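Enquirer: Right, I'll just put the structure down here and ask away after.
Residue numbers (the numbering used here): 4 to 119.
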């Protein structure tokens, strides 16, 4: 292990201990803690601090950030689709909105603005 890798690995260890020592004890880690842990794990894999075979190290580890980004996008797309699929129609709100539109049209006509 070179001196630079040793310094980076010690820095990762110290920063992870310091980060979690300062974190509030609320049970599950929050988003920033998960992001920080993921970044540390990827950095350890990318710098070959965790030994893997050459195929994994050369072909899989470099594309992990892209894979994570695509997975996150797919998750958000699923959440959006699920929200659209489970969207409830509210007939009362539709009727109320139509009443407000009629009132607004009457007010605009009284002020001399023509609407179609």
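In this text, a Cβ means the ideal position worked out from N, Cα and C, and glycines have one as well. Source: prediction; values computed, not measured.
Distance, Cα to Cα, residue 104 vs residue 116?
Expert: Taking the straight line joining both Cα atoms gives about 14 Å.
Enquirer: For residue 49 and residue 64, which I take to be in contact (beta-carbon distance under 8 Å), what is that distance rounded to the nearest angstrom?
Expert: At roughly 6 Å, the Cβ-Cβ gap stays under 8 Å, so residue 49 and residue 64 are in contact.
Enquirer: Taking only the alpha-carbon atoms, compute the straight-line gap between residue 41 and residue 61 and give it to the nearest angstrom.
Expert: 19 Å
Enquirer: Give the C-beta separation of residue 118 and residue 108 to the nearest angstrom, bearing in mind that I take them to be a contact with Cβ-Cβ under 8 Å.
Expert: That belief holds up - the Cβ atoms of residue 118 and residue 108 are roughly 6 Å apart, short of 8 Å.
Enquirer: Quick one: what does DSSP say residue 5 is sitting in, helix, strand or coil?
Expert: coil
Enquirer: Quick check on DSSP: helix, strand or coil for residue 93?
Expert: coil
Enquirer: Straight-line CA distance for residue 46 to residue 9?
Expert: 13 Å
Enquirer: Under the assumption that residue 52 contacts residue 12 (Cβ atoms under 8 Å), give the Cβ distance between them as a whole number of angstroms.
Expert: 5 Å
Enquirer: Would you kindly report the start and end of the unbroken alpha helix (DSSP H) that includes residue 68?
Expert: 67–88
Enquirer: Can you tell me the Cα-Cα spacing of residue 93 and residue 84, whole angstroms?
Expert: Going by the C-alpha atoms only, they are around 19 Å apart.
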